[in-house]
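Residues in the sequence shown are numbered from 19 upward in steps of one, following our numbering. The beta-carbon is built from N, C-alpha and C at its ideal position, and this holds for glycine as well. Below: the structure, in structure tokens.
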Amino acid sequence: MRIHTYERLWLVASLVLIVGFIATVTYGAVGIGIEMIGDEPGTIDPDAIGDDDRFGDPRVEQVGPSEYEVYVVAYTFIFQPAEIEVPADSEVTFYLTSADVIHGFEVAGTNVNSMVIPGQIAQLTVEFDEPGTYGVVCNEYCGPGHHTMEGSLTVVPAERYDQTSVAVTAPNAVEASSTVDLTATVSNGLLEARETTVTVDIAGETVERDVTIPGDGSENVTVEVDSGDLGAGEHDWSVSVDGLTESGTITVDERAAATANAVDERAESATNPVESEGAPGLVPESSTTGSSGVEPGGDRS
Ligand code: CUA
Numbered sequence: 019m020r021i022h023t024y025e026r027l028w029l030v031a032s033l034v035l036i037v038g039f040i041a042t043v044t045y046g047a048v049g050i051g052i053e054m055i056g057d058e059p060g061t062i063d064p065d066a067i068g069d070d071d072r073f074g075d076p077r078v079e080q081v082g083p084s085e086y087e088v089y090v091v092a093y094t095f096i097f098q099p100a101e102i103e104v105p106a107d108s109e110v111t112f113y114l115t116s117a118d119v120i121h122g123f124e125v126a127g128t129n130v131n132s133m134v135i136p137g138q139i140a141q142l143t144v145e146f147d148e149p150g151t152y153g154v155v156c157n158e159y160c161g162p163g164h165h166t167m168e169g170s171l172t173v174v175p176a177e178r179y180d181q182t183s184v185a186v187t188a189p190n191a192v193e194a195s196s197t198v199d200l201t202a203t204v205s206n207g208l209l210e211a212r213e214t215t216v217t218v219d220i221a222g223e224t225v226e227r228d229v230t231i232p233g234d235g236s237e238n239v240t241v242e243v244d245s246g247d248l249g250a251g252e253h254d255w256s257v258s259v260d261g262l263t264e265s266g267t268i269t270v271d272e273r274a275a276a277t278a279n280a281v282d283e284r285a286e287s288a289t290n291p292v293e294s295e296g297a298p299g300l301v302p303e304s305s306t307t308g309s310s311g312v313e314p315g316g317d318r319s
């Protein structure tokens with residue numbers, strides 16, 4: 019059988035193309051690991067995302083020595099959390115869902131890219147080798163604010179990664195001759211226990227506490243001050259731990275302070291003006307009586 023030269027050329031070219039396509043698909047799946055987004059996590063009611071254990075509090079969670087899960091909720095026109103931080107060289111699994119319309123979740127410059135569909139949970143696992151900052155963009159048109167819908171993903175060196183947070187409870191205003199309890203709750207979001215130092219500063223007095231926060235737990239540091247020691251007026255406080263700082267002001271009522279000083283002069287016990295304990299349960303109940311080393315009357319001049 020004689021095949022025309024051009025016919026033969028086309029046949030060979032088509033065969034080369036077909037083999038080429040199969041080769042690229044195989045290379046994509048085996049060589050660089052392109053895969054379909056997993057649908058194992060199933061579905062979720064988009065109107066009840068707030069009640070969901072995973073998405074009610076969108077976050078990064080450590081689940082193994084080098085394994086992390088990231089729960090992301092897309093809304094028009096934000097991602098929550100908008101800023102994601104994960105350690106390098108660890109396995110990160112993203113779980114994505116939308117609260118309203120279809121969005122996209124693309125980590126620019128990587129192969130992390132998924133549609134985010136209301137009612138569905140998308141799952142994808144990646145490992146980031148190099149520390150760096152990546153932009154996160156929505157790549158599905160979702161409304162007039164679509165172009166502003168963005169976030170960031172920061173990959174930090176594993177040894178510098180921490181998930182410590184601090185919350186402080188302190189009164190805004192107190193009467194004189196009362197006890198001011200300032201409690202800092204330091205939480206460790208990682209699985210390994212963490213040793214750190216909590217620095218509490220009230221009206222120029224600094225208290226440092228070394229604490230060991232259990233893995234996935236929290237530790238309270240309570241500093242107790244007599245408002246008579248502070249004196250009337252406003253007093254700034256701040257709590258610092260691992261580069262995080264919380265601050266505020268406590269106001270000691272002035273008229274009450276005048277009365278309190280009269281009481282203070284009669285008080286006999288001379289306790290340390292600043293009491294501090296590692297755990298709230300250990301704060302001595304009796305440390306609230308007056309004190310000697312007080313500047314009388316605060317600043318009533
Ligand atoms: Cu969300 Cu576009």
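Item: Give the straight-line distance between the Cα atoms of Tyr-159 and His-121, rounded to the nearest whole angstrom.; Value: 7 angstroms
Item: Which value, in whole angstroms, describes the spacing of the CA atoms of Asp-199 and Glu-223?; Value: 14 angstroms
Item: Between Leu-248 and Ala-211, how many whole angstroms is the CB-CB distance? I'm expecting something under 8 angstroms.; Value: 35 angstroms between Cβ atoms; not a contact.
Item: Given 8 angstroms as the limit, is there contact between the segment 132-150 and the segment 107-119, that is, 3 or more CB pairs closer than that?; Value: yes
Item: May I ask you to list the residues that DSSP assigns as paired with Asp-228?; Value: Thr-215
Item: Report yes if the C-beta distance between Ala-106 and Phe-73 is below 8 angstroms; otherwise report no.; Value: no
Item: Classify Asp-254 as buried or exposed, calling it buried when 16 or more other Cβ atoms lie within 10 Å of its own Cβ.; Value: exposed
Item: Select from Gly-233, Glu-103 and Ala-92 the residue whose C-alpha is nearest the C-alpha of Met-167.; Value: Ala-92
Item: Pull up the distance between the alpha-carbon of Glu-87 and that of Gly-163, whole angstroms please.; Value: 28 angstroms
Item: For Ser-205, which residues in the same chain have their Cβ closer than 6 angstroms to its Cβ, ignoring the five residues on either side in sequence?; Value: Ser-183 and Ser-236
Item: Please list the segments of the beta strand (DSSP E) lying wholly inside the segment 75-156, counting only runs of 3 or more residues, in order along the chain.; Value: 78-82, 85-93, 96-98, 101-105, 109-116, 121-125, 131-134, 140-145 and 150-155
Item: With contact counted as at least three CB pairs below 8 angstroms, one residue from each stretch, are the segment 174-189 and the segment 94-101 in contact?; Value: no
Item: Using three-state DSSP, classify Asp-18 as helix, strand or coil.; Value: Since the first residue of the chain shown is 19 and the last is 319, residue 18 is not available in this structure.
Item: Distance, Cα to Cα, Thr-111 vs Pro-83?; Value: 14 angstroms
Item: Determine the burial state of Leu-33: buried for a count of at least 16 other Cβ atoms within 10 Å of its Cβ, exposed for fewer.; Value: exposed
Item: Alpha carbon to alpha carbon, how far is Val-119 from Thr-94?; Value: 7 angstroms
Item: Assign Gly-161 to one of two classes, buried (16 or more other C-beta atoms within 10 Å of its C-beta) or exposed (fewer than that).; Value: exposed
Item: On a CA-only basis, which of Thr-201, Glu-124, Thr-23 and Asp-234 is nearest Ser-256? Give me that one, please.; Value: Thr-201
Item: Compute every distance between the C-beta of Thr-94 and the non-hydrogen atoms of the ligand CUA, then say whether any falls below 7 angstroms.; Value: yes
Item: Alpha carbon to alpha carbon, how far is Pro-76 from Tyr-89? Give it in angstroms, no decimals.; Value: 5 angstroms
Item: Can you tell me whether His-253 is helix, strand or coil according to DSSP?; Value: strand
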